[in-house]
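Read through the structure below, which is laid out as structure tokens, and then see the notes.
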Amino acid sequence: MIGSFRRRGCKCKKKRCTCGAKWTYRYHIIDPKTGKRKQKETRGFDTKEQAEAEAKRILAEIQNGTYIEEKDITFKEFAAQWMKMYEKSGKVKQSTIDIRKARLKLLEKRFEQIKMKDITKLMYQEFLNDLSEKYARKTVASTHEVGSLIFKKAVELEVIAKDITEYAEVPRKIATIEELEEASEIPRYLEKDELARFLKVAKKSDRPLDYPIFLTLAYTGMRVGELRALKWRDINFKEQTISITKTMYHDTPQPPKTKSSHRTIDVDRIVLDVLDRIKKRQKIVKLDHKENDLIFSRGDNKPVLHNTILKRMKSLLRRAGLPDHLTPHSLRHTHTSLLAEAGVSLEVIQNRLGHQDDKITRSIYLHVTKPKKKEASQKFAELLGSI
């Protein structure tokens with residue numbers, strides 16, 4: 009075998025090392041630019057056998073002409089380059105980029121000044137394990153996704169020889185009884201009489217957009233971002249439909265959250281009449297610009313702010329004597345519960361809300377329809393009892 013093996017930093021100097029020193033494999037390659045021999049080394053192995061296995065792999069790559077000389081670049085340096093390429097790709101939404109940047113910060117805390125070539129599979133897996141102790145599994149999985157994208161790109165650009173994230177696993181937590189009980193809780197939504205009380209208060213509000221906004225959210229179940237992005241061209245007053253084709257991220261319209269989010273839904277005349285009054289009012293104050301015909305505008309042809317909708321809802325809930333911890337998204341859950349109560353199927357509800365499957369929607373649906381299922385069972389038993 010070409011090259012040499014040694015325990016780097018061994019303090020005990022024993023044949024059977026007890027100080028935990030790692031094995032290193034040192035070898036030479038021919039620099040293609042100068043034609044001169046160049047010393048290289050790979051390290052971080054727990055046993056000599058592991059170092060020898062890596063040596064065999066390197067030797068085979070050198071003989072086959074597939075060897076890649078890994079670059080001396082830190083994780084932070086390469087991650088910055090990757091992020092620039094990712095942003096300029098034009099394939100992802102700004103909201104996705106912002107999430108990637110947030111997850112990247114978690115990776116940089118651990119690997120910032122470590123060279124890409126020196127990060128091992130074990131180091132990366134331990135990072136995921138430690139992360140799972142502090143964050144939800146969804147956050148850890150999202151961070152792992154960013155790490156995987158970075159190391160795959162590094163392999164593609166021949167910065168490193170192999171993707172150390174390939175077989176990494178996101179740890180699964182064993183939930184406690186308390187966590188399981190909390191997870192089984194149904195999301196809070198308004199009952200029918202509570203919704204009626206809330207909308208009655210909103211209708212009396214001196215803010216002209218309060219009632220139209222919350223009526224539309226309650227009667228359609230659409231997301232707040234989808235409502236903020238609505239334009240007059242999305243409303244078909246004749247067919248009584250609303251086409252949801254985009255969502256608003258800050259003040260920028262973007263494609264829907266998912267493919268199934270792109271949908272056209274039927275809407276009641278009560279909503280259309282309220283929207284029609286907004287349109288007439290906009291024409292009077294000359295806000296009906298063709299280039300930006302937003303329905304819910306804050307007066308400067310920019311969408312009403314998400315935070316404004318949240319604050320207005322809390323204020324109206326307090327006036328109605330209802331819990332003010334509810335959010336505009338609670339109206340989406342309310343829409344689900346009332347449709348279920350009316351006997352609409354789960355599949356139709358999911359299509360209307362714009363997703364193929366959703367655990368929260370399913371849990372609300374099952375919760376609401378459970379009494380009806382029991383009623384059916386009781387009626388069947390009564391029928392047999394009369395035979």
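Heads up: take any position in the sequence shown, counting from 1, add 8, and you land on this note's numbering.
Here a beta-carbon is modelled for each residue, glycine too, at the ideal position from N, C-alpha and C.
Straight-line CA distance for residue i to residue j?
{"i": "R285", "j": "K322", "result": "25 angstroms"}
{"i": "L339", "j": "R231", "result": "9 angstroms"}
{"i": "H152", "j": "Q121", "result": "19 angstroms"}
{"i": "G98", "j": "T255", "result": "18 angstroms"}
{"i": "Q262", "j": "S103", "result": "9 angstroms"}
{"i": "R15", "j": "E57", "result": "12 angstroms"}
{"i": "D171", "j": "E134", "result": "16 angstroms"}
{"i": "T369", "j": "V275", "result": "20 angstroms"}
{"i": "S156", "j": "E174", "result": "7 angstroms"}
{"i": "D281", "j": "K109", "result": "43 angstroms"}
{"i": "K380", "j": "P195", "result": "20 angstroms"}
{"i": "R4", "j": "S371", "result": "In the structure as shown, the chain begins at 9 and stops at 395. Residue 4 is therefore absent and cannot be evaluated."}
{"i": "D296", "j": "A176", "result": "Note that D296 has pLDDT 48, beneath the 50 cutoff, so the model's placement of it is unreliable and the number below is only indicative. Spanning the two alpha carbons is a distance of roughly 54 angstroms."}
{"i": "S353", "j": "V376", "result": "12 angstroms"}
{"i": "R65", "j": "K125", "result": "16 angstroms"}
{"i": "A8", "j": "K117", "result": "Nothing about residue 8 can be read from this structure; the chain reaches only from 9 to 395."}
{"i": "I70", "j": "E166", "result": "15 angstroms"}
{"i": "V279", "j": "R111", "result": "40 angstroms"}
{"i": "N72", "j": "Q47", "result": "19 angstroms"}
{"i": "E85", "j": "M93", "result": "13 angstroms"}
{"i": "T316", "j": "T335", "result": "12 angstroms"}
{"i": "L203", "j": "A328", "result": "10 angstroms"}
{"i": "S150", "j": "L130", "result": "19 angstroms"}
{"i": "A389", "j": "L198", "result": "33 angstroms"}
{"i": "K378", "j": "Q386", "result": "13 angstroms"}
{"i": "Y132", "j": "L67", "result": "25 angstroms"}
{"i": "K288", "j": "D301", "result": "13 angstroms"}
{"i": "A87", "j": "Y143", "result": "22 angstroms"}
{"i": "K101", "j": "V356", "result": "28 angstroms"}
Please list, in chain order, all residues of the same chain as residue i whose beta carbon is under 8 angstroms from its beta carbon, the five residues on each side excluded.
{"i": "T55", "result": "W31"}
{"i": "V148", "result": "L136, L139, S140, V178 and P179"}
{"i": "E383", "result": "none"}
{"i": "E95", "result": "I105"}
{"i": "R45", "result": "H36, I37, I38 and D39"}
{"i": "K18", "result": "The residue you asked about is not Lys; residue 18 is Cys in the sequence shown. C25, C27 and A29, listed in sequence order."}
{"i": "K200", "result": "L346 and E349"}
{"i": "E62", "result": "Y33, T50 and F53"}
{"i": "L207", "result": "Y219, F222, L223 and A226"}
{"i": "D366", "result": "Q358"}
{"i": "E299", "result": "Note on E299: pLDDT 49, under 50, position unreliable in the model; no value is reported."}
{"i": "D308", "result": "none"}
{"i": "L391", "result": "none"}
{"i": "M9", "result": "Because M9 sits at a pLDDT of 44, beneath the cut-off of 50, its placement in the model cannot be relied upon, and the following sentence gives the value as read from the coordinates. Correct list, in chain order: E60, A63, K64 and L67."}
How close, in whole Å, do the beta carbons of residue i and residue j come, if the pair is a contact with beta carbons under 8 angstroms?
{"i": "I252", "j": "E234", "result": "5 angstroms"}
{"i": "I303", "j": "K239", "result": "6 angstroms"}
{"i": "T224", "j": "H363", "result": "Not confirmed; about 19 angstroms, so no contact."}
{"i": "K310", "j": "D259", "result": "5 angstroms"}
{"i": "W90", "j": "I158", "result": "5 angstroms"}
{"i": "R215", "j": "L330", "result": "Actually they do not touch by this definition, with Cβ atoms about 18 angstroms apart."}
Can you list, in chain order, the residues of its chain whose CB lies under 7 angstroms from that of residue i, leaving out five sequence neighbours each side?
{"i": "R360", "result": "G229 and I273"}
{"i": "D218", "result": "A210, R320 and L324"}
{"i": "I127", "result": "F83, F119 and I172"}
{"i": "S12", "result": "R34"}
{"i": "K181", "result": "S140 and R145"}
{"i": "E313", "result": "Here residue 313 is Leu; the residue named in the question, Glu, does not match the sequence. Excluding sequence neighbours, L313 sits near R306."}
{"i": "L283", "result": "P220, I243 and I303"}
{"i": "L318", "result": "T335 and P336"}
{"i": "K123", "result": "D80, I81 and T82"}
Among residues of its own chain, excluding the 5 on either side of residue i, which ones have a beta-carbon nearer than 6 angstroms to its beta-carbon?
{"i": "N137", "result": "P179"}
{"i": "S269", "result": "G362"}
{"i": "Y373", "result": "A348 and L354"}
{"i": "A237", "result": "K254, T255, M256 and P261"}
{"i": "L115", "result": "G155"}
{"i": "D332", "result": "K322, L325 and R326"}
Under 8 angstroms, Cβ to Cβ, is there at least one residue of chain C near residue i?
{"i": "K46", "result": "Absent here is chain C; the protein component of the structure consists of one chain."}
Exercise for the section: Counting only runs of 3+ residues fully inside the stretch 129-197, write out the beta strand (DSSP E) ranges in chain order. Expected result: none
Practice task
Starting from the N-terminal side, write out each stretch of the beta strand (DSSP E) that is 3 residues or longer and does not extend beyond the stretch 72-108.
Solution key: none
Exercise for the section: Identify every run of the alpha helix (DSSP H) within the stretch 294-368, keeping only runs that are complete inside it and at least 4 residues long; order them along the chain. Expected result: 314-327, 336-349 and 354-361
Practice task
Assess, as a yes-or-no matter, whether the stretch 238-251 is touched by the stretch 339-348 under the definition of 3 or more beta carbon pairs within less than 8 angstroms.
Solution key: no
Practice task
State whether the stretch 81-91 contacts the stretch 158-174, with contact taken as three or more CB pairs (one from each stretch) at a distance under 8 angstroms.
Solution key: yes
Handout entry: Entirely enclosed beta strand (DSSP E) segments - the stretch 207-252, minimum 3 residues
Key = 249-252
Problem - alpha helix (DSSP H) runs wholly inside the stretch 34-58, at least 4 long, in chain order - result: none
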